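Numbering (our numbering), first residue to last: 36 to 636.
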């Protein structure tokens with residue numbers, strides 16, 4: 036509603052694109068964290084079935100039979116989970132539409148859309164099978180004797196190559212489906228590559244932590260010595276927890292930071308100072324009378340009026356726009372007509388970042404001052420040219436200066452400003468803005484409408500209030516989406532710790548038999564989980580912050596601000612949940628007699 040009044044669609048489209056990217060990232064990370072949860076759940080389930088699998092094999096059951104039995108069980112559970120997810124996924128949008136009625140500028144229509152439902156089902160099945168296959172294949176290959184000894188001497192047996200290829204094929208299928216179904220294919224490609232890099236970094240970090248714990252010797256404190264030994268002993272959960280906890284924390288920290296930056300932009304979109312009115316379609320022969328009419332109202336504030344006409348960019352540096360590689364963030368400027376103006380001198384507050392303004396009495400060839408962001412997206416600079424079609428006539432103008440424009444403000448500004456002389460005699464109208472106290476708005480509107488029937492009046496205060504309400508709703512939706520994802524991720528991360536609960540119980544009982552007190556065991560576990568959690572959190576915070584920075588700066592094209600509170604809150608919530616669930620099973624074991632547990636084992 037400023038000089039870029041007719042360019043508002045481009046700004047809205049960029050905001051919608053950023054929202055789409057954020058929601059896409061939330062969806063993809065939810066799938067990834069869900070896959071981690073599937074892997075942990077299957078591993079924990081098979082760990083509880085070790086005796087049964089060993090018994091089957093001792094009685095002559097083939098490995099392929101054992102694999103098929105548990106594969107069918109897990110496939111049935113996965114199918115049931117996918118079905119429940121599809122039902123809730125189809126119902127929740129209808130509930131959300133009812134809850135958001137009147138908040139959004141348009142009311143969405145509820146309905147069932149087969150393509151998204153089918154896509155979600157394929158994603159769910161692929162994720163369940165891909166992440167469950169490795170623990171299933173491992174259980175298939177372990178001999179019966181090793182299954183019995185797995186509690187104290189875990190076997191290091193790799194599944195057959197065909198299962199490794201199947202897991203890789205499943206991962207590639209997930210990557211291909213992610214890229215094919217994404218609104219922004221480049222974003223999906225970067226997400227897939229970033230996930231692979233994060234896995235490599237976390238795996239490497241787990242190896243470094245294990246080596247470090249093995250090399251640390253001479254520790255006299257019993258609890259600390261036990262904690263360090265637990266990090267590198269056979270069957271240690273260091274690698275799985277760092278991978279699961281680290282990957283989950285990485286994506287949740289990235290979501291929290293992206294949400295924080297996006298909410299910050301939403302909150303800053305409304306200007307602090309705004310005009311009370313915008314007036315459009317002021318004809319050239321009406322300007323003098325209109326100026327007198329507006330200024331005749333006592334108590335009105337700052338008043339500005341500028342010429343305005345429209346033109347379409349047809350060539351950039353002499354090349355047709357269809358053949359120019361334009362940055363996605365500024366492609367809006369080449370779609371349809373743009374608002375143009377001419378001025379002898381720069382307006383108050385203009386920030387020129389390159390070149391200089393033309394002389395006040397300039398009368399040479401067509402020259403323009405261009406938005407610096409558009410120039411970067413077009414790949415042009417000082418001395419290059421833009422060709423615009425204005426009222427059917429093509430005008431080639433040289434770029435002599437670049438300006439930094441804050442489109443969030445409601446001050447008059449235009450992406451393209453001509454020097455005087457080129458457009459003065461072309462048919463055009465004027466637009467104006469007026470600041471005024473609320474009590475004068477009705478009087479000003481009546482004064483203008485009574486004298487100028489053709490001039491359109493826009494009351495900015497009401498528009499801003501409607502925009503504020505809408506943006507508040509969008510901000511709440513952003514925070515709710517991120518909160519649901521973080522909550523789900525916290526449960527999955529807790530599962531990463533809970534997956535090793537049975538082994539923790541066994542260790543605790545053995546320690547008690549050897550004379551360790553409950554306090555000693557708890558301190559040892561606290562130190563172990565504490566070292567794992569803190570080290571993993573630091574790694575995840577670094578990777579998650581880097582991920583969020585790349586998405587915000589390069590994909591969303593927004594200013595980046597690091598939000599320490601978002602990182603600290605996310606890490607704290609996740610660690611608290613995982614520690615509580617992780618210790619719950621151990622505490623129950625410590626409260627029981629050792630003899631019954633040892634006999635059952």
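Glycine is no exception: its CB is placed at the ideal position from the N, C-alpha and C atoms.
None of these values were measured; they are calculated from a predicted model.
CA-to-CA distance, residue j to residue i, given in whole angstroms
i	j	result
residue 492	residue 314	5 Å
residue 551	residue 561	15 Å
residue 421	residue 432	6 Å
residue 436	residue 346	19 Å
residue 364	residue 371	16 Å
residue 359	residue 405	18 Å
residue 217	residue 59	7 Å
residue 267	residue 245	5 Å
residue 475	residue 576	53 Å
residue 374	residue 145	37 Å
residue 595	residue 496	30 Å
residue 494	residue 482	14 Å
residue 368	residue 67	36 Å
residue 256	residue 555	10 Å
residue 43	residue 316	For residue 43, the pLDDT reaches just 45, beneath the cut-off of 50, and the residue's location in the model is therefore unreliable, although a value from the coordinates is still provided. In a straight line, the C-alpha of residue 43 is about 17 Å away from that of residue 316.
residue 342	residue 587	36 Å
residue 253	residue 264	12 Å
residue 248	residue 272	13 Å
Burial state of residue i (16 or more Cβ within 10 Å)
i	result
residue 287	buried
residue 310	buried
residue 449	buried
residue 399	exposed
residue 330	exposed
residue 230	buried
residue 459	exposed
residue 564	buried
residue 477	exposed
residue 148	exposed
residue 83	exposed
residue 427	exposed
residue 489	exposed
Short Cβ contact (8 Å threshold) for residue i with residue j
i	j	result
residue 591	residue 56	yes
residue 70	residue 166	yes
residue 471	residue 479	yes
residue 289	residue 583	yes
residue 214	residue 235	no
residue 172	residue 578	no
residue 164	residue 116	no
residue 601	residue 291	yes
residue 261	residue 543	no
residue 199	residue 238	no
residue 397	residue 455	yes
residue 6	residue 209	Outside the shown range of the chain, which is 36 to 636, sits residue 6, and nothing can be said about it.
residue 451	residue 387	no
Alpha helix (DSSP H) segment containing residue i, residue limits
i	result
residue 326	322-330
residue 239	220-250
residue 561	553-585
residue 485	476-486
Residue from the options whose Cα sits closest to the Cα of residue i
i	options	result
residue 321	465, 242, 134	465
residue 589	222, 370, 260, 386	222
residue 585	150, 76, 225, 373	225
residue 440	385, 88, 458, 133	385
residue 95	362, 178, 438, 460	178
residue 376	79, 425, 206	425
residue 111	210, 391, 77	77
residue 383	608, 337, 427, 408	337
residue 159	318, 368, 565, 62	62
residue 335	341, 342, 326, 151	326
residue 401	409, 357, 457	457
residue 408	379, 328, 361, 297	361
residue 351	378, 423, 312	423
residue 394	344, 453, 89, 247	453
residue 285	548, 547, 65, 553	65
Any non-hydrogen atom of the ligand MG closer than 7 Å to residue i Cβ
i	result
residue 345	Inclusion of the ligand MG in the displayed structure is not the case, the ligand content being empty and no account of it being possible.
Bounding residues of the beta strand (DSSP E) (the contiguous stretch that carries residue i)
i	result
residue 386	386-390
residue 157	First-last for residue 157: 149-176, but that is the alpha helix (DSSP H), not the beta strand (DSSP E).
residue 376	373-377
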